[in-house]
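Here the structure is laid out as structure tokens; the discussion comes afterwards.
There are 2 protein chains.
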Amino acid sequence: MKDIGHCTTSCDRIKDVLARIGDKWSLLVIIALKGTGVMRFNELKRHLGVSQRMLSITLRELERDGLVTRTAYPTVPPTVEYQLTTLGESFGMAVRTLSQWAIDNLDEIDTARADYDAAQQNA
Amino acid sequence: MKDIGHCTTSCDRIKDVLARIGDKWSLLVIIALKGTGVMRFNELKRHLGVSQRMLSITLRELERDGLVTRTAYPTVPPTVEYQLTTLGESFGMAVRTLSQWAIDNLDEIDTARADYDAAQQNA
DNA sequence: CATGGCGGTTCCCTTTTTGATACTGGGTAA
DNA sequence: TTACCCAGTATCAAAAAGGGAACCGCCATG
Numbered sequence: 000m001k002d003i004g005h006c007t008t009s010c011d012r013i014k015d016v017l018a019r020i021g022d023k024w025s026l027l028v029i030i031a032l033k034g035t036g037v038m039r040f041n042e043l044k045r046h047l048g049v050s051q052r053m054l055s056i057t058l059r060e061l062e063r064d065g066l067v068t069r070t071a072y073p074t075v076p077p078t079v080e081y082q083l084t085t086l087g088e089s090f091g092m093a094v095r096t097l098s099q100w101a102i103d104n105l106d107e108i109d110t111a112r113a114d115y116d117a118a119q120q121n122a
Numbered sequence: 000m001k002d003i004g005h006c007t008t009s010c011d012r013i014k015d016v017l018a019r020i021g022d023k024w025s026l027l028v029i030i031a032l033k034g035t036g037v038m039r040f041n042e043l044k045r046h047l048g049v050s051q052r053m054l055s056i057t058l059r060e061l062e063r064d065g066l067v068t069r070t071a072y073p074t075v076p077p078t079v080e081y082q083l084t085t086l087g088e089s090f091g092m093a094v095r096t097l098s099q100w101a102i103d104n105l106d107e108i109d110t111a112r113a114d115y116d117a118a119q120q121n122a
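Chains as they are written, first to last, in numbering that gives the first Met the number 0: chain A, 0 to 122; chain B, 0 to 122.
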């Protein structure tokens with residue numbers, strides 16, 4: 000019998016949502032779209048340095064979750080544009096808080112990490 | 000020659016910090032400690048439903064990054080307490096924005112997902 | 001004619017991550 | 001005596017994530 004976490008109120012929901020949109024590429028796509036507004040597939044690919052396979056999967060999931068819209072124009076060569084939905088924008092705001100914190104505090108983390116490693120080496 | 004992303008200003012830093020503290024267990028530990036104040040190892044383990052291996056790794060990284068403190072008391076059986084540092088508290092604030100968004104919008108994501116799947120099945 | 005670009009999908013292979021299990025050691029409760 | 005608890009560590013197996021290349025149709029360019 001497994002020990003099921005006693006965190007039914009919010010922990011499980013957070014776990015759920017993190018499992019869905021908490022991966023690296025999803026967050027980076029959201030951030031990119033939030034900054035640029037609308038982007039095409041290969042534009043995102045070059046911008047993020049992500050493989051087309053991962054980008055394809057990531058965008059499909061984000062569209063499925065209602066965070067981005069996909070608009071295809073029947074041109075040759077094909078043109079497909081991605082942009083955030085209202086829900087996606089709202090998520091982008093929350094992500095922005097996190098990424099801003101990251102930018103502001105990365106140096107402090109680096110320092111703490113160096114200190115820790117130095118202390119470990121002496122021990 | 001690989002295509003190196005043109006996102007040198009903030010994208011790489013965000014990528015860095017997400018690689019460090021953006022994983023599921025780190026975020027959940029931060030949230031748990033933020034809510035409870037101080038917790039012991041097995042207390043966290045039971046609360047989150049995480050394997051001891053992952054919890055051990057996660058806590059060591061969080062301590063290394065200066066986000067949590069680890070205090071061991073030489074009792075028998077051993078007692079080890081974890082709590083957020085000031086930096087960890089500050090990170091907790093940013094995480095809280097994200098987790099609150101998760102709680103508020105998970106239903107909407109579920110709906111969008113169901114709609115998408117239904118539309119796919121008809122196609 | 002051959003090549004390249006767009007926006008993907010599919011297959012294969014490698015790397016990374018994660019979970020489960022067993023072990024430590026000493027005190028304490030059954 | 002036997003079993004359990006805490007706070008881990010070490011090891012192995014399974015699963016997931018991710019990269020690379022090949023392929024699609026179709027048009028423009030060299």
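Virtual Cβ for every residue (Gly too), placed ideally from N, Cα, C.
| query | result |
| --- | --- |
| Residues bridged to A/Y72 [DSSP beta-bridge criterion] | A/T78 |
| C-alpha distance - B/M92 paired with B/L17, whole-angstrom precision | 16 angstroms |
| Continuous beta strand (DSSP E) stretch holding A/V37: start and end | V37 to R39 |
| Under 8 angstroms by beta carbon: chain A residues contacting B/V94 | L97 |
| Reference B/V37, options B/T78, B/D116 and B/R112, closest by Cα | B/T78 |
| Continuous alpha helix (DSSP H) assignments of at least 4 residues falling wholly in the region 26 to 65 of chain A | 40 to 47 and 51 to 63 |
| Closest by C-alpha distance to A/D22, when choosing among A/M53, A/Q120 and A/G34 | A/M53 |
| beta-carbon A/R19 near the ligand FAD non-hydrogen atom, thresh 6 angstroms | Looking at this structure, you won't find the ligand FAD or any other ligand, since it has none at all. |
| Bridge partners - B/L86, DSSP secondary structure assignment | Answer is none; B/L86 lacks a bridge partner. |
| Contact with chain B by A/W24, beta-carbon distance below 7 angstroms | no |
| Cutoff 7 angstroms: A/Y72 Cβ touching any chain B Cβ | no |
| Cβ separation of A/L94 and A/I13, assumed to be a contact under 8 angstroms, to the nearest whole Å | The question names Leu, but residue 94 of chain A in the sequence shown is Val. So it is not a contact: roughly 15 angstroms between Cβ atoms. |
| Contact set between A/F90 and chain B, taken where Cβ atoms lie within less than 8 angstroms | W100 and N104 |
| Residues of its chain near A/M0, where Cβ-Cβ distance is below 8 angstroms and the 5 sequence neighbours each way are ignored | Caution is warranted here: a pLDDT of 27 is assigned to A/M0, below 50, making its placement in the model unreliable, and the coordinate value is therefore given only provisionally. Excluding sequence neighbours, A/M0 sits near nothing in its chain. |
| B/L61 at chain A interface by Cβ criterion, 7 angstroms | no |
| Partners in chain B for A/E42, counting only beta-carbon separations shorter than 7 angstroms | Under the 7 angstroms cutoff, chain B gives no residues; its nearest Cβ is about 10 angstroms from A/E42. |
| From A/R39, A/G48, A/R59 and A/K33, residue whose alpha carbon lies closest to that of A/P76 | A/R39 |
| Alpha carbon of B/L83 to alpha carbon of B/F90, nearest angstrom | 9 angstroms |
| Cross-chain neighbours of B/A117 in chain A, by beta carbon under 9 angstroms | What B/A117 touches in chain A: nothing, since even the nearest Cβ is about 11 angstroms away. |
| Cutoff 7 angstroms: A/A113 Cβ touching any chain B Cβ | no |
| Exposed unless 16 or more other CB atoms sit within 10 angstroms - verdict on A/Y81 | buried |
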